[in-house]
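Enquirer: These protein sequence lines map, in sequence, to chains A and B.
For the first sequence, this note's numbering assigns the number 19 to the initial residue and increments by one for each residue that follows.
For the second sequence, this note's numbering assigns the number 19 to the initial residue and increments by one for each residue that follows.
Take this structure, written in structure tokens, and hold onto it; I'll ask about it next.
2 protein chains.
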Amino acid sequence: MPKNTKKPKYVYLFGNKKADGDGKMKELLGGKGANLAEMTRIGLPVPPGFTITTEVCTHYYANKRKYPKELWPKVKEGVVHMEKILGKKFGDKNKPLLVSVRSGARESMPGMMDTVLNLGLNETTINGLIKASGNERFAWDSYRRFIQMYGDIVMGVQKRPDEDHEPFEEVMEGLKSEMFPGEHHVLDTRLDTNALKELVKRFKALIKERTGHPFPDDPWDQLTGSIGAVFGSWMNDRAIVYRRKYNIPSEWGTAVNVQAMVFGNTGENSGSGVAFTRDPATGEKVFYGEFLTNAQGEDVVAGVRTPRPVIELKDVMPKAHRELEDVRNKLEKHFRDVQDFEFTIENEELFMLQTRNGKRTALAAVRFAVEMAKEKLITWEEAIQRVPANQLDQLLAPVFDRKAIKSARCIAKGLAAGPGAATGKIYLNADRAAAAAEKGEKVLLVRVETSPEDLRGMIAAVGILTARGGVSSHAALVARQMGKVCVSGASDLRIDYVKRTVTIDGEVYAEGDFMSIDGTVGEVYAGKIETAPSEIIQVLVNKTMEPSESATYQNFKKLMDWCKKATKMGVRTNADSPKQAATAVAFGAVGIGLCRTEHMFFEGDRIDAMREMILSEDIDTRKKALNKLLPYQRDDFAGIFRALNGLPATIRFLDPPLHEFLPQEDKQIKELANVIGVPAEKIKNRVNELHEVNPMLGHRGCRLGIVYPEISEMQSRAIFEAAAKVQKEGTKVRPEIMIPLVGFPAEFQLQSEIVRRVAAEVAKEEGVKFNFLVGTMIEIPRATLVADEIARDAQFFSFGTNDLTQTTLGMSRDDSGSFLRHYQELEILPQNPFASIDQSGVGKLIQTAVELGRSTRPDIKLGICGEHGGDPDSVKFCHKVGLSYVSCSPYRVPTARLAAAQSALAEQRAAAGAKTKSTKTAKKKSTPKSNKR
Amino acid sequence: MPKNTKKPKYVYLFGNKKADGDGKMKELLGGKGANLAEMTRIGLPVPPGFTITTEVCTHYYANKRKYPKELWPKVKEGVVHMEKILGKKFGDKNKPLLVSVRSGARESMPGMMDTVLNLGLNETTINGLIKASGNERFAWDSYRRFIQMYGDIVMGVQKRPDEDHEPFEEVMEGLKSEMFPGEHHVLDTRLDTNALKELVKRFKALIKERTGHPFPDDPWDQLTGSIGAVFGSWMNDRAIVYRRKYNIPSEWGTAVNVQAMVFGNTGENSGSGVAFTRDPATGEKVFYGEFLTNAQGEDVVAGVRTPRPVIELKDVMPKAHRELEDVRNKLEKHFRDVQDFEFTIENEELFMLQTRNGKRTALAAVRFAVEMAKEKLITWEEAIQRVPANQLDQLLAPVFDRKAIKSARCIAKGLAAGPGAATGKIYLNADRAAAAAEKGEKVLLVRVETSPEDLRGMIAAVGILTARGGVSSHAALVARQMGKVCVSGASDLRIDYVKRTVTIDGEVYAEGDFMSIDGTVGEVYAGKIETAPSEIIQVLVNKTMEPSESATYQNFKKLMDWCKKATKMGVRTNADSPKQAATAVAFGAVGIGLCRTEHMFFEGDRIDAMREMILSEDIDTRKKALNKLLPYQRDDFAGIFRALNGLPATIRFLDPPLHEFLPQEDKQIKELANVIGVPAEKIKNRVNELHEVNPMLGHRGCRLGIVYPEISEMQSRAIFEAAAKVQKEGTKVRPEIMIPLVGFPAEFQLQSEIVRRVAAEVAKEEGVKFNFLVGTMIEIPRATLVADEIARDAQFFSFGTNDLTQTTLGMSRDDSGSFLRHYQELEILPQNPFASIDQSGVGKLIQTAVELGRSTRPDIKLGICGEHGGDPDSVKFCHKVGLSYVSCSPYRVPTARLAAAQSALAEQRAAAGAKTKSTKTAKKKSTPKSNKR
């Protein structure tokens, strides 16, 4: 890296309609900092302040937690800047400047990092606050909150494992029981000024006792301590878990925003709120949000009191409401996207504390995009980019069955915080919820309110139910982002964490009991309720709803139509049955990319014929057993060909090792022995003989067809006989026969010879002609290295990225759970390589194979059929290397289509020299810092 | 391929001191054909004839077994050529030309393909033969032999599975019992002319009955039929098995030699023999071979009668003997190598039928090479090339223990046909021998005589013992080539195939009983005899013999000294103990390339501490258990460092998955529970928890050190504490610490940080400095693809080609047995990829890694430590890609050194523009036909 000749600017000021930074500088200033600058610039009422850049964070971690020495003088300048604008002074006893210190990363990480409010208060400056507010109790309450927050976050006075309660809470409870002996659940509001003064004393003593250090009185010490705590929180456990889930690289770092305090809690003509320019749950174009009077912003988000809808602000503070409506319009026009913003009203005066693009459900994302394009606020291309591809399948998630819901018993109501329907066993603690989910249970996480500590449980649950908190509470925010069903603020719930029960209306529900929630309407039901398909499924797949009945479907369709316009990379589907094929085609799949024939062998008595085949000791017996399987396979293929109605179908030959088809337990072996009339002992011997130490690397794939060519022959015959039959019915058939696990060119030659020979035989027998291809699945590294030779005979490649990942990384998907978690925590791996293609490893081999394959056969058809085919990042990668299609499970088809369209548009933009793409790419690649600007 | 403008020449003539071809044209004419031409050219007495090229064979198989149409006119010309020289005529009743038709591939494949003799005989031409030989019985015997041979080979009249005897034998036995009723075992010689005439009739009838076709009387039909049969035999099962064992590609094809017959069986002044210019078993410079009077060449090789030493020819036919001695000298001078040749004496006149480089034991190969270099017949560089590297370890094979042999009971004597000592259970049939060997038994194959059908059994056996046949019998020839111990012609053995017994001197040995054979002296012993190390081992390793006592050692040393002169690529060893290290160093290893630390954990109570570690539930308990292991490891490493005396030692961190260290059976689990005081249930749970579906791709290698860094820490500490100790003793120590299974650069970084930190700690504690490297094992494909990034921190790469082969090919070594055999038979794979590096797959990744590694760190140390390190072809590959060293098991060190020297010399020659290398390379690469000339 060349040495910077110019010193980096570590502190960016904003205030009074001017700002050093702007909204585009998110990488350097974080999302919050950049948008505070931008709002200041466009004239919105933002309290002045400054942002310490993410570079300081990076410097801090790269240099053993040391700051650049130029930092502190600049921080001082920033404070002076606020003092000048507000006519206040930091640490002054008359007109003290109080500030907040907040984190602000490039991408919002709600609740993940630490915040300190009311900073600057001490025994002297409190007088100034009393004077300014005219409210002594408020001032002392602010002070004791500040000490509590600072003590917890900066000085680390927290609950120890051997304690039952937070130490500050413990002290407060102690005081309450002295003041109100015999009473339980005394409200904080009953503590008067003197009590609060006493509390301040006791809190300070607690801090001294636990840390050995006094609580710092000097505001500058407070400020440096808080800035350090915010930077430190970038590496706390919660933040690490969150980043892993959302693939945020740790090198990004966080910025720190220091901003003059405004108080929403000075009385009833003050308040705080959070709002969205449109409804982030349904996507409807209504002003959406909530506020609390006499409260600070954190109170709204924390969900301690249930707030009022923002629309009611009109009645309470009409002027502020008018201003807010104006802000709403300005924001959306300026940012050209739905904004999620925070405001505080101090004595009827509106202040903007934050704005950002609003998190949204997939439902809302699609509606926002389609409607904003109709409103000409954005183009249709932008609309496509606006919908996060990996959330699109939420639209296909089930809802409650309409009939079932009628007979269900609604036991409570809450807020519709995350749309969709979920049913599961209730768990009252994140760890237990996660453990139950690991066992395969469907879990509803039920909490009084959630906090970042609950994240693991929320990830594991199908739905989240809270007793407190609004639609922008932690629970709601996180649930929507994850696409989880959520009902928040269901205040009738009485939750007992010790007994592990939920009591509603006198009725007791224990952990493990079933409940169901509808996050679209905010209702809670007792017991299990059958779920029903989403509207889109009903329209497209089940045809139980007319297109005109569903606005959701219409928005979805519009989006998909635009996608079609944007790209030509096809999306196929992985389907093993006519029904799956039909579903995928309804979603826009242009064929089958992977039909796994082995799944067909497990039904009914087929498995017996299959087992007979495996147990055969000579070729004649084996052929006899295969002949029993032939008609089944033929019928299956015919069904699939009909469902595809002329679209191509990639059919893979038998792939798994034969032992997967044999019973392993003694009892089952005996049963099989009776059914097929072979001694149990013999079956056992064969089971032992077929046992493999590493079945993944064993006798499977084309290795079966090489040793038992009669299997490939039977499968070829089934395919072509089915094709002949369906062709005679007048339907076109385009089989693409795929030889799996090829590593040596001769393997492919030998197998494709069989296919072509049988095709010719059947064509002659049936008097028809076939339009077919023979190709291979590229799924072991060797195949990528000799792809030029394989392509001499193979007409297509389909990348089997599941196995290619396992072999390239030497990592079994089944066994990697034990260490992959550590790997992600240590950031050895950027993402789970089984979910998203390992581009710098597996990706290189894919590129090699593409290049070599094309060198021999320029028009070779190239596709991908691993699980990665439905992962947006992987789809983008496939687009980049120039594949003809991706293939994924039917429900992921819309996601893949959207991702494909987004890639095509991104490429167009890049080609046009636009630079809007850089952020997206940088995110995935953890680019080194020098590339960030 | 561009069209040939010139038509290929399909037939090459030789005779009368002139020849179309010469000795260099082995690819086109086969070994036999080329040398017949060469011998003709240098004036040796060769019966005239012609060679049909290998191109015809290739054409034949490439065109559905059709011949090029230009062939037959040329064959006719060839016959005319013989007729002219000999004044005979093909099919003539007075002076008929009779011919032999023999196969002849590029490399000799003894006994693998078919031969037809006496061709041209029929009811008319037999009169000419009677006239010429004056021996009617001889003529009729020749005729019935011809019919029998032709009927068997060309017309396929062979034993059917439901028959007990060969059909021709059956007919002959029938005739004998009619003529000599009541007698058993009537000798063929008792059949007189009339009987033979009758036999000819019956043989013809048999052929008509079995094939529906009459026996062809037209000599031209006989000739075309025989040529076809020889080409057809290229693809028979025996030939395929043989080619697989010796890696001969099927595309090479065979040539066909048609040559005028000479008769060694016309009476007592005729004979046939086989001889070597020097002793091919011991390497001694003596005329070596054997002959039979009144016999055709096939009789000598088949071992039906035991022949007499060639030296005795002097007494029988002194003139022929003188000529033969002359031929011996001419041959060796001309071919500059030991020749193995066949001759026939017809009425005292000597004819040469074949010569080729003599197969030899490793012992002889070394002696030939060293002595011929001393004789200035060849250069020292040629001497190096003359010893097949993959046989060199035969010199290190054990011999019988001197003491044990004294008390052993010699029960029979035979010929010293394959040197060395072998002890094992006797088996009388190839299949049973092979089956027993597969179960892990040491097997001696005992046969009356062997034939190509016994090949599988011979491969499986440690030694071969026959009752009949000389030192050039099939058994002896094949055994020497394979490096098997062999005693042939032990005529006291009475073998009963039905009862499966061997009777010697009235004593009965049943199948499964132990016997021992000494192939160096030709002795057979009852029971098991302890084997003792070879002389080289005794001199170098055990120091129980003085160098001057062993000529074998001295030749070996000379060769190794030349090797040292020829190359600079080092050979290291894979060793886990001081003893192994010392042995390898004695063989010339320049360090340890792989020390597997896990092997150290299995001894004594270490395994208990290891298990305690694995069963630990928290880091403190785990550290406590690791501390118990530390002193063991430290002592082991100290011992190894001392044995190496300053040479470098690559030490690999713990590699196998932890479950490999835990007991699996209930009983063992209970025992362990008692020993370490942990409930059995808990151990069982942990065993289940650690179970892996594909352990090869599981939680192992550096993945252990990542999840349990304390293990890497302990191992680092053991290494450096041991190093400090040994350094203080005054011995240099050069540890090279190797992190296994790295796939991601960060894995390496994290682990090497531990190593470097601990090294610094120990250096400080002990007040010493360390000279060490930290590097990685490249053994999964991903590592090769990001080798540039890994090389930023890694100071060396060692290619772990075992695992790299498994992952690159997606093929488990443990499970591939079930299909790899088919793969080799179908020639999908040229060689077993676990024995010899898969150069076009795995090799490409190695090259990628070498290039990428060097791009970041030009001086990176590169080595290989898989099993391939001792395989000559793989060593040559390593030389080619520029590795610094190979590492192999101690006993393979000389082999690897020789292979390394050969590669260096080959490279020099190639650089000097010489072209002698082409044959060798072509062999491995199965070059397409167009490259062959």
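Glycine is no exception: its CB is placed at the ideal position from the N, C-alpha and C atoms.
No experiment lies behind these values; they were computed from the predicted model shown.
Could you spell out the range, first to last residue, of the alpha helix (DSSP H) harbouring T819 of chain B?
Expert: Residue mapping note: residue 819 of chain B aligns to position 801 of the second sequence, counting from 1. It spans T819 to L827 - the alpha helix (DSSP H) in which T819 of chain B sits, taken as one unbroken run.
Enquirer: Please confirm if P799 of chain A has its CB atom under 7 Å from at least one CB of chain B.
Expert: As a position in the first sequence, residue 799 of chain A is number 781, starting the count at 1. The beta carbon of P799 of chain A falls within 7 Å of a beta carbon belonging to chain B, placing the residue at that interface.
Enquirer: Applying the 10 Å Cβ sphere with the 16-neighbour rule, what's the burial state of L433 of chain A?
Expert: Against the first sequence, residue 433 of chain A aligns to sequence position 415. Buried, by the Cβ-count rule.
Enquirer: Contact criterion: CB-CB distance below 7 Å. Does Q842 of chain B meet it with respect to chain A?
Expert: Counted from its first residue, the second sequence places residue 842 of chain B at position 824. No, Q842 of chain B does not count as interfacial toward chain A.
Enquirer: Use the C-beta contact count for K24 of chain A: other C-beta atoms within 10 angstroms, 16 or more gives buried, fewer gives exposed.
Expert: Counting from 1 along the first sequence, the entry for residue 24 of chain A is found at position 6. Counting the other Cβ atoms within 10 Å of the Cβ of K24 of chain A gives fewer than 16, which makes it exposed.
Enquirer: Expressed to the nearest angstrom, what Euclidean distance is found between the alpha-carbon atoms of G315 of chain B and F233 of chain B?
Expert: As a position in the second sequence, residue 315 of chain B is number 297, starting the count at 1. As a position in the second sequence, residue 233 of chain B is number 215, starting the count at 1. For G315 of chain B and F233 of chain B, the distance between alpha carbons rounds to 25 Å.
Enquirer: Take R614 of chain B and list the residues in its own chain whose beta-carbon comes closer than 8 Å to its own, dropping the five residues that flank it on each side.
Expert: For this step, residue 614 of chain B is matched to residue 596 along the second sequence. Within its own chain, the residues whose Cβ lies closer than 8 Å to the Cβ of R614 of chain B, once the five positions on either side in sequence are excluded, are N592, D594, R670 and D673, listed in chain order.
Enquirer: Buried or exposed: which applies to G931 of chain A, given that a residue is buried once 16 or more other Cβ atoms fall within 10 Å of its Cβ?
Expert: On the first sequence, residue 931 of chain A is found 913 positions in, with the first residue counted as 1. Around the beta-carbon of G931 of chain A, fewer than 16 other beta-carbon atoms lie within 10 Å, marking it exposed.
Enquirer: Quick check: the Cα distance between Y30 of chain A and N275 of chain A, rounded to an integer number of angstroms?
Expert: Your numbering for residue 30 of chain A matches position 12 in the first sequence. Your numbering for residue 275 of chain A matches position 257 in the first sequence. Approximately 9 Å, taken between the alpha carbons.
Enquirer: Assuming V172 of chain B contacts L224 of chain B (C-beta within less than 8 Å), just tell me the rounded distance between them.
Expert: For the purposes of this step, residue 172 of chain B is identified with residue 154 of the second sequence, where counting begins at 1. For the purposes of this step, residue 224 of chain B is identified with residue 206 of the second sequence, where counting begins at 1. With 8 Å as the limit, V172 of chain B and L224 of chain B do not qualify as a contact, their Cβ atoms being about 14 Å apart.
Enquirer: When the Cβ atoms of the segment 71 to 89 of chain A are set against those of the segment 242 to 259 of chain A, are three or more pairs found closer than 8 Å?
Expert: yes
Enquirer: Mind pulling the beta strand (DSSP E) runs of 3 or more residues that sit fully within the segment 385 to 438 of chain B?
Expert: Complete beta strand (DSSP E) runs here, min 3: 428 to 431 and 433 to 436.
Enquirer: With a floor of 4 residues, list each alpha helix (DSSP H) that falls wholly inside the segment 36 to 63 of chain B, ordered by position along the chain.
Expert: As far as the segment 36 to 63 of chain B is concerned, its whole alpha helix (DSSP H) runs of at least 4 residues are 44 to 59.
Enquirer: Run down chain A in chain order and give the residues with a C-beta less than 7 Å from the C-beta of D833 of chain B.
Expert: Taking the second sequence and counting its residues from 1, the one referred to as residue 833 of chain B is at position 815. The contacting residues are E710, V711, N712, L715, G716 and H717.
Enquirer: Determine, for G748 of chain B, whether the minimum Cβ-Cβ distance to residues of chain A falls below 7 Å.
Expert: Translated into positions along the second sequence, residue 748 of chain B becomes position 730. It does not; no Cβ of chain A falls within 7 Å.
Enquirer: Please go through the segment 879 to 935 of chain B and give each complete alpha helix (DSSP H) segment of 4 or more residues, from N-terminal end onward.
Expert: 890 to 899 and 911 to 929
Enquirer: I want to see whether chain B comes within less than 7 Å of M18 of chain A, judged by CB atoms only; does it?
Expert: Nothing about residue 18 of chain A can be reported from this structure: the residues present for chain A run from 19 to 951 only.
Enquirer: Is there at least one Cβ from chain B nearer than 7 Å to G871 of chain A's Cβ?
Expert: Position 853 of the first sequence, counting from 1, holds the residue named residue 871 of chain A. For G871 of chain A, the answer is no, since every Cβ of chain B falls outside 7 Å of its Cβ.
Enquirer: Mind checking if V725 of chain A is an interface residue toward chain B, Cβ cutoff 7 Å exclusive?
Expert: The count along the first sequence starts at 1 and reaches residue 725 of chain A at position 707. It does; some Cβ of chain B falls within 7 Å.
Enquirer: If I follow the unbroken alpha helix (DSSP H) through A604 of chain B, where does it start and stop?
Expert: Translated into the one-based positions of the second sequence, residue 604 of chain B becomes position 586. Counting along the chain, the alpha helix (DSSP H) containing A604 of chain B begins and ends at P596 to A604.
Enquirer: Could you check if T939 of chain A is buried or exposed, using at least 16 other CB atoms within 10 Å of its CB as the buried criterion?
Expert: Here residue 939 of chain A refers to the residue found at position 921 when the first sequence is read from its first residue. Reliability of the predicted coordinates at T939 of chain A is poor, the pLDDT of 44 falling under 50, and the value obtained from them is presented with this limitation in mind. The residue is exposed, with fewer than 16 neighbouring Cβ atoms inside 10 Å.
Enquirer: Would you kindly report the start and end of the unbroken beta strand (DSSP E) that includes F369 of chain B?
Expert: Position 351 of the second sequence, counted from the start, is the residue given in the question as residue 369 of chain B. Element bounds for F369 of chain B: E367 to N375.
Enquirer: In angstroms with no decimal places, state the Cα-to-Cα distance between M587 of chain A and Y903 of chain A.
Expert: Here residue 587 of chain A refers to the residue found at position 569 when the first sequence is read from its first residue. Here residue 903 of chain A refers to the residue found at position 885 when the first sequence is read from its first residue. Taking the straight line joining both Cα atoms gives about 5 Å.
Enquirer: If we count the other Cβ atoms within 10 Å of its Cβ and call it buried at 16 or more, is K443 of chain B buried or exposed?
Expert: As a working mapping, residue 443 of chain B is identified with position 425 in the second sequence. Classification for K443 of chain B: buried.
Enquirer: To the nearest angstrom, how far is it from the Cα of A380 of chain B to the Cα of D626 of chain A?
Expert: Here residue 380 of chain B corresponds to residue number 362 of the second sequence, with the count starting at 1. Here residue 626 of chain A corresponds to residue number 608 of the first sequence, with the count starting at 1. If you take the alpha carbons of A380 of chain B and D626 of chain A, they lie about 55 Å apart.
Enquirer: Distance, Cα to Cα, V603 of chain A vs I637 of chain A?
Expert: The sequence position of residue 603 of chain A within the first sequence is 585, counting from 1. The sequence position of residue 637 of chain A within the first sequence is 619, counting from 1. Computed Cα separation, rounded: 40 Å.
Enquirer: For H677 of chain B, which option in B:A656, B:I701 and B:F655 has the closest C-alpha, if you only look at C-alpha atoms?
Expert: Numbered from 1 along the second sequence, position 659 holds the residue referred to as residue 677 of chain B. Among B:A656, B:I701 and B:F655, the Cα nearest to that of H677 of chain B is on B:I701.
Enquirer: Go ahead and pull the three-state DSSP assignment for A627 of chain B.
Expert: Within the second sequence, numbered from 1, the residue matching residue 627 of chain B stands at position 609. DSSP places A627 of chain B in helix when its eight states are reduced to three.
Enquirer: With three or more C-beta pairs closer than 8 Å as the rule, is the segment 871 to 881 of chain B touching the segment 546 to 562 of chain B?
Expert: no
Enquirer: How is M127 of chain B classed by DSSP in three states: helix, strand or coil?
Expert: On the second sequence, residue 127 of chain B is found 109 positions in, with the first residue counted as 1. In this structure, M127 of chain B counts as coil in the three-state DSSP scheme.
Enquirer: Scan the segment 688 to 709 of chain A for residues whose Cβ lies nearer than 7 Å to a Cβ of chain B and list them as they occur along the chain.
Expert: none
Enquirer: Taking 6 Å as the line, does the beta carbon of A422 of chain A fall inside it for any heavy atom of the ligand ADP?
Expert: The model depicted lacks the ligand ADP and carries no ligand whatsoever.
Enquirer: Would you kindly work out how many angstroms separate the C-alpha atoms of K787 of chain B and A781 of chain B, rounded to a whole number?
Expert: One-based indexing of the second sequence puts residue 787 of chain B at position 769. One-based indexing of the second sequence puts residue 781 of chain B at position 763. Cα to Cα, the separation comes out at about 6 Å.
Enquirer: Residues of chain A with a CB under 8 Å from the CB of I846 of chain B: which are they?
Expert: Against the second sequence, residue 846 of chain B aligns to sequence position 828. Residues of chain A passing the Cβ test: I724, F762, A764, E765 and L768.
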